[in-house]
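In the numbering used here, each residue's number is its place in the sequence shown (first place is 1) plus 1482. Please read the structure below before turning to the comments.
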Amino acid sequence: MATTLFARLIQPNLMFLQALFVGLACLLSVPSYAQTFSSIEVEGNQRITEATIRSLAGIPTGTEVTPAQVNRALQNLYDSGFFEEVRIEPVGSTLRIAVSENPTINRISIEGNRRIDDDALLPVIGSRPGRTFSVSQTEADVRAIIETYSAQGRIAAEVQPLIIRRSDNRVDLVFEVLEGQVTEIDNISFVGNSDFSDRRLRRVLETKEARLFSGLFANDTFIEDRLAFDAQQLREFYQNRGYLDFAVLSSSAELSRERNAFLVNFRVQEGQQYRFGEVSFRADVEIEDSSVFERVISIRSGQIHDPRQIDFVLQDLDNEADGLGLAFVRSDVEIIRDDDALTTDIVFVLTRGPRAFVERIDIEGNSTTLDRVIRRQFETVEGDVLNERQIREATDRIRALGYFSSVDVSAREGSSPEQQVIDVDVTEQATGSLTFGGSFSSSSGAALTLSIVERNFLGRGQTVGLGFSTSSSNQNVTLQFIEPSVLDRDLRFSTSLAARTFRPSQVPLENESIDFSFGIEFPVSENASLSTAYFYERDDITIDEDDEGSVTEYVSNDVGEYDASGLRFTYTNDRRNSVVNPTSGYVFRATQSFAGLGGSQRYSESVVSFTTFRSFFNNQLVFSAEIEGGILENLGDEDIPILNRFNLGGDNLRGFEDFGVGPRDSNDDPLGGTKYAVARLEASFPLGLPEELGIFGGVFLDAGTIWDLEDNPVGGLPAVNDDPDIRAAIGFSIFWETVIGPLRFNFSEVLEKQPQDKEENFRFTIDARF
1483 MATTLFARLI QPNLMFLQAL FVGLACLLSV PSYAQTFSSI EVEGNQRITE ATIRSLAGIP
1543 TGTEVTPAQV NRALQNLYDS GFFEEVRIEP VGSTLRIAVS ENPTINRISI EGNRRIDDDA
1603 LLPVIGSRPG RTFSVSQTEA DVRAIIETYS AQGRIAAEVQ PLIIRRSDNR VDLVFEVLEG
1663 QVTEIDNISF VGNSDFSDRR LRRVLETKEA RLFSGLFAND TFIEDRLAFD AQQLREFYQN
1723 RGYLDFAVLS SSAELSRERN AFLVNFRVQE GQQYRFGEVS FRADVEIEDS SVFERVISIR
1783 SGQIHDPRQI DFVLQDLDNE ADGLGLAFVR SDVEIIRDDD ALTTDIVFVL TRGPRAFVER
1843 IDIEGNSTTL DRVIRRQFET VEGDVLNERQ IREATDRIRA LGYFSSVDVS AREGSSPEQQ
1903 VIDVDVTEQA TGSLTFGGSF SSSSGAALTL SIVERNFLGR GQTVGLGFST SSSNQNVTLQ
1963 FIEPSVLDRD LRFSTSLAAR TFRPSQVPLE NESIDFSFGI EFPVSENASL STAYFYERDD
2023 ITIDEDDEGS VTEYVSNDVG EYDASGLRFT YTNDRRNSVV NPTSGYVFRA TQSFAGLGGS
2083 QRYSESVVSF TTFRSFFNNQ LVFSAEIEGG ILENLGDEDI PILNRFNLGG DNLRGFEDFG
2143 VGPRDSNDDP LGGTKYAVAR LEASFPLGLP EELGIFGGVF LDAGTIWDLE DNPVGGLPAV
2203 NDDPDIRAAI GFSIFWETVI GPLRFNFSEV LEKQPQDKEE NFRFTIDARF
């Protein structure tokens, strides 16, 4: 049965009682004068050998032993952790050491834990079955379990350790857990800020306030370690906006009076905002033409001081120096502050760096991931000149892989001062995922998805994925494989196989298709890439029996089997500052497909898009503008089916239904088009609601057209309107970011349309992942 005495033994007064016991034992059993012992007897030991006990005691025979030596021997035996009780008694010329060994742990169990399972808790404790039971280790285990719960916001968690005595001096160790409730954050406040409101600064933090429907949102539980990260986020936010002297003076979290929530406060010092003053270049090494370096300096006087821009220029200067073959040359920057004018003069300096080479790269901590997957993230190889900036960039690339929970890269002296060893220490994390998802659209209904993805297959850095999705109009099964570095070069190979059934409600056709493709993608510049791929597509298009005989030849002519084999080229230039939530920069993409390498279909398809982003009022207002267009040219004798032509409406032209814009036959069935153009303008902004709700608004204006059928009219049917008439719609959006996925509500009003077009004034979508 579980003993309650144990619970008392591990209280903080344990060490005091033990020390008192040891002291009394010494006073009572050890004489107050030196004594010589001819032998030492050990009794009571079962697992610990006599030789080990004598060695731990450290008392010699044949020489005088002082009381202090005996006292120290007693303490040594207790400190070993092997014994519950130790007595040292002189019996004539014999010193008797009587011990009672600590029990061994038979099994360990955790009870009462529902939110965190055993697989997550057992690794954090140091006690193990088969080891000697230790009170101090058990105390440490209790603290480790409580800290694990605290990291998930359950700071009220309690842990009670118990022991159950078994035969043969064994015990079962049980940790009884009272998990308690999640402690949420009721309020986040700031002191000392004047240029930015509390509302704006809360958006910077990882920590969020708990509000209405807080169960739907992440990061509203208190985690102490997150405060340090939030403080760093604040520093970066201000310094990237020119506040050089900004400092977080303190960050604190206090329990509310009811002790059920936390009040978080940051005390900050903003300082003054600085702008770039004079920007110049100086070379402290001999170079032929300084204008080569001056051209890459993109900073201009009068801009807000942004350290990120300085880093970009330093990187460009290093690249120029490397391209010119300048060894042991590095770029640096001198910043001269003018506190009266609130400016910073920037001097970029090309200087002679230390003579250092990379001797080797040592990698540790990767039990699954192969060394070469990590090593190929370095542009530097053994024997190269050491470039600290390249090392930092390689560190960022290793972190971006997503294979490791922590990455530490450092340099140390190797076989000589000029030889440096790069140490890479990583901690691996799970790279496989099983994802269930769902989405809903007011136009196409509900959809379910299931995907299994391994992003580091066999530790080779390869991605293998299997996905399945189904909805009222689509069923898809997709298998993909990606090799990010063919032959350890910057070549990305990908291949996919997909089976799809497409039944759009707006068109009386069904397409069962099989798509196969493989290709290579490679960089052509720092921000641009080019991919080349081979594709094969097979389509089997049918009409539902209920619709046979009621459709026009425009639709019925599409029934049959089609296959296309060809090449696809895609050029992408991405200069956005963020892939997830861009606020500046642009992305340009051009795709050219040629079908005709066998198969019945022969065509050329060209699609080009350009999107630019810009923000105002400290990223409160984000504006985006996009233009997109495509041309589909039939190069063969067989018509291109409706479902393979371009279509407008829904998400690509808001304010209209899917397939809602463009030519239609006399039955009002959409026919698509071979040419289209569309422009989209959008601005997003806060609505004045608490940021923790994740609700913000937007306005949009879409305009576009789709035109040109291959064969108009068909047979004896009358011609349809396939002119490039402009359609336009304006609208308002509400975005709601939740844990289960982003929700979007679009309210629109059509400004320009044609009589046959189908309007859609409201659309609601949600995309969830579990």
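Each residue gets a CB set at the ideal place from its N, CA and C atoms; glycine is no exception.
Q.
Need the endpoints of the alpha helix (DSSP H) that D2021 sits in, please.
A. Where D2021 is concerned, there is no enclosing alpha helix (DSSP H), although the beta strand (DSSP E) it sits in stretches over A2010 to T2024.
**Q.** Same chain, Cβ closer than 8 Å to I1904, neighbours up to 5 away in sequence not counted
**A.** V1840, R1842, I1843, D1844, F1860, T1862, I1873, V1891, S1892 and A1893
(Q) Among S1897, Y1631 and T2247, whose alpha-carbon lies nearest the alpha-carbon of E1640? (A) Y1631
**Q.** Beta carbon of I2188 nearer than 9 Å to that of G2144
**A.** yes
Q | Delimiting residues of the alpha helix (DSSP H) encompassing N1801 | A | P1789 to G1805
Q: Leaving out five residues on either side along the sequence, give the residues of the same chain with a beta carbon under 6 Å from the beta carbon of Q2236.
A: D2207
Q) Under a three-way DSSP split, which group does Y2158 fall into? A) strand
Q) If we call anything under 9 Å between Cβ atoms a contact, is V1761 one with I1786? A) no
Q) Under three-state DSSP, which class holds L1683? A) helix
(Q) Going by C-alpha to C-alpha distance, which of E1864, L1556, F1565 and E2219 sits closest to G1526? (A) F1565
Q | DSSP three-state assignment for T1983, whether helix, strand or coil | A | strand
**Q.** Contact set for F2244: own chain, Cβ-Cβ below 8 Å, skip 5 residues either direction
**A.** S1924, F2227, N2228, F2229 and S2230
Q) Quick one: does the C-beta of E1629 sit closer than 8 Å to a heavy atom of the ligand ADP? A) As far as ligands go, the structure on display features none, and thus does not contain the ligand ADP.
Q: Please name the residue or residues paired with P2224 in a DSSP beta bridge.
A: E2219
Q.
Do A1550 and I1541 have their beta-carbon atoms positioned less than 9 Å apart in this structure?
A. no
Q: Measuring alpha carbon to alpha carbon, tell me which of A1838, S2091 and Y1756 ends up nearest I1817.
A: Y1756
Q) So, are the CB atoms of Y2018 and E2120 less than 9 Å apart? A) no
Q | Residue interval of the beta strand (DSSP E) (run including A1765) | A | R1757 to A1765
Q. Can you list, in chain order, the residues of its chain whose CB lies under 6 Å from that of T2052, leaving out five sequence neighbours each side?
A. S2013 and T2073
Q | Coarse secondary structure for L1969, derived from DSSP in three states | A | helix
Q | Spatial neighbours of F2092 in its chain, beta-carbon cut-off 6 Å, leaving aside the 5 residues before and after | A | F2070 and I2109
Q. Where does L1506 fall in DSSP's three states?
A. Residue placement at L1506 is flagged as unreliable, the pLDDT there being 48, under the threshold of 50; a coordinate-derived value is accordingly withheld.
Q. Is F2004 buried or exposed, if buried means 16 or more other CB atoms sit within 10 Å of its CB?
A. exposed
Q: In angstroms with no decimal places, state the Cα-to-Cα distance between T1913 and P1966.
A: 15 Å
(Q) With a threshold of 8 Å, are at least 3 pairs of Cβ atoms found where one atom belongs to the region 2028 to 2044 and the other to the region 2193 to 2209? (A) yes
**Q.** Counted within 10 angstroms of its Cβ, other Cβ atoms place L1940 as buried (16 or more) or exposed
**A.** exposed
Q.
Let's see if you can read the secondary structure: which residues bound the beta strand (DSSP E) around L1737?
A. A1729 to L1737
Q | Inter-residue CB distance, E1752 and S1676 (contact presumed, cutoff 8 Å) | A | 6 Å
Q: Thinking I2023 and L2125 are a contact (beta carbons under 8 Å), I'd like their distance in whole angstroms, please.
A: 7 Å
Q: Can you give me the start and stop residues for the beta strand (DSSP E) that R1819 sits inside?
A: V1811 to D1820
Q: Hey, could you find the ends of the alpha helix (DSSP H) S1537 is sitting in?
A: E1532 to A1539
**Q.** Nearest to Q1642 (by Cα), restricted to the options N1651, I1628, R1569 and R1636
**A.** I1628
**Q.** Contact set for N1584: own chain, Cβ-Cβ below 8 Å, skip 5 residues either direction
**A.** G1563, F1564, F1565, E1566, T1614, F1615 and S1616
Q. Unbroken alpha helix (DSSP H) runs of length 4 or more, entirely within the region 1595 to 1667: which are they?
A. 1600 to 1603 and 1617 to 1632
Q: Compute the Euclidean distance between the alpha carbons of K2240 and E2139, then round it to the nearest angstrom.
A: 6 Å
Q.
Residues in the same chain with beta-carbon distance under 6 Å from T1945, minus the five sequence neighbours each way, listed in chain order, please.
A. R1937 and I1964
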